[in-house]
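Its first residue numbered 2, the sequence shown is counted upward by one per residue in this note's numbering.
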Amino acid sequence: MGLFKYLKEEFAVIRERDPAIKSPMEVLLYPSFRVMLKYRRAHKLYEKGHYFLARWISQRAARKTGIEIHPGAVIGKGLFIDHGSGVIIGETTVIGDNVTLYQGVTLGGNGKETGKRHPTICDNVMISAGAKLIGSFTVGENSKIGAGSVVIREVPPNSTVVGVPGHVVKQNDVRVPRNTMDHQMPDPVWDDIKHLQSENSALCNKVIELEKKLRQIEREKKA
2 MGLFKYLKEE FAVIRERDPA IKSPMEVLLY PSFRVMLKYR RAHKLYEKGH
52 YFLARWISQR AARKTGIEIH PGAVIGKGLF IDHGSGVIIG ETTVIGDNVT
102 LYQGVTLGGN GKETGKRHPT ICDNVMISAG AKLIGSFTVG ENSKIGAGSV
152 VIREVPPNST VVGVPGHVVK QNDVRVPRNT MDHQMPDPVW DDIKHLQSEN
202 SALCNKVIEL EKKLRQIERE KKA
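Structure (structure tokens):
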């Protein structure tokens, strides 16, 4: 792919998902663009067995952008890393098309596996700031991972995942993340707190009712 064509495609991707961009030349300033340019080169070298040179290129890119992508990772078209600082993509990670990552995202391994030990991210997935996906599992297409979530198991397609550990709170309410960049997620912790508050109120009312009945019985005995 020619540099001009690649630049044009990257501008289209960034313009679609980042309203802050105003002109095609601004693409050159984005860490996402610069690191992906280096990654494509490093990945070709890695596939040819030039491992040291591939790692050298990727490490230089990491120091300049704050985004660390192992040259062995397989990445499809239209990856957008917004801001990007602290993003880590491990060696056996597979990323599909039109995926969006935010700052602080880790696609890592748990250190105990061999072979495929990093996540597979399907098409049109959005992973919000600070999320950690650890291990070899698949995140299904059109899914959202909430900010700060820690995901360690399979995520079905069209799902919303939040929490530590991450769990599905919405499924099959299909919204393609690349078209809906809304970070508002359900809050299962707050939902649990409200449920406990409701149960506590019901128990308190029951205790008050029983105390009234007990006093009434005592008065009847004295009479």
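C-beta: ideal position from N, C-alpha, C; glycine also.
Based on the DSSP output, what are the partners of residue i in its beta bridges?
| i | result |
| --- | --- |
| His168 | Val163 |
| Glu69 | Ile89 |
| Leu38 | Per DSSP, none; premise fails for Leu38. |
| Thr94 | The partner list for Thr94 (beta bridge, DSSP) is empty, contrary to what the question assumes. |
| Val1 | A query on residue 1 cannot be resolved here, the shown segment of the chain reaching from 2 to 224 and no further. |
What number of angstroms, rounded off, separates the C-alpha of residue i from the C-alpha of residue j?
| i | j | result |
| --- | --- | --- |
| Ala43 | Ser150 | 30 Å |
| Leu8 | Gly112 | 36 Å |
| Thr94 | Thr121 | 6 Å |
| Leu108 | Ala130 | 12 Å |
| Ser144 | Met127 | 7 Å |
| Thr101 | Leu30 | 18 Å |
| Ile96 | Val106 | 13 Å |
| Phe5 | Asp193 | 52 Å |
With a 10 Å radius around its C-beta and 16 neighbouring C-beta atoms as the bar for buried, classify residue i as buried or exposed.
| i | result |
| --- | --- |
| Lys45 | exposed |
| Ala132 | buried |
| Ala74 | buried |
| Gly147 | buried |
| Met26 | exposed |
| Val208 | exposed |
| Ile58 | buried |
| Lys39 | buried |
Below 8 Å CB to CB, which residues in the same chain sit around residue i once its five sequence neighbours on both sides are set aside?
| i | result |
| --- | --- |
| Lys195 | none |
Tell me which residues share the same chain as residue i and place their Cβ nearer than 6 Å to its Cβ, disregarding the 5 neighbours each side in the sequence.
| i | result |
| --- | --- |
| Glu69 | Ala63 and Ile89 |
| His84 | Gln104 |
| Glu142 | Cys123, Asp124, Asn125 and Pro158 |
| Gln60 | none |
| Gly79 | Val14, Asp98 and Asn99 |
| Ile22 | Ile15 and Arg16 |
| Lys214 | none |
| Ser153 | Correcting the residue identity first, residue 153 is Ile in this sequence and not Ser. Excluding residues within five positions, the ones whose Cβ falls inside 6 Å are Ile135, Gly136 and Pro166. |
So, for residue i: in the same chain, excluding its five sequence neighbours on each side, which residues have a beta-carbon less than 7 Å away from its beta-carbon?
| i | result |
| --- | --- |
| Glu11 | Val28 and Phe34 |
| Gln172 | Pro157, Asn159 and Ser160 |
| His168 | Val162 |
| Gly67 | Pro32, Gly85, Ser86 and Gly87 |
| Tyr47 | Ala55, Pro72 and Gly73 |
| Glu155 | Phe138 and Thr139 |
| Asp19 | Asp83 |
- Is it true that the segment 109-118 meets the segment 36-54, where meeting means three or more beta-carbon pairs spaced less than 8 Å apart? no
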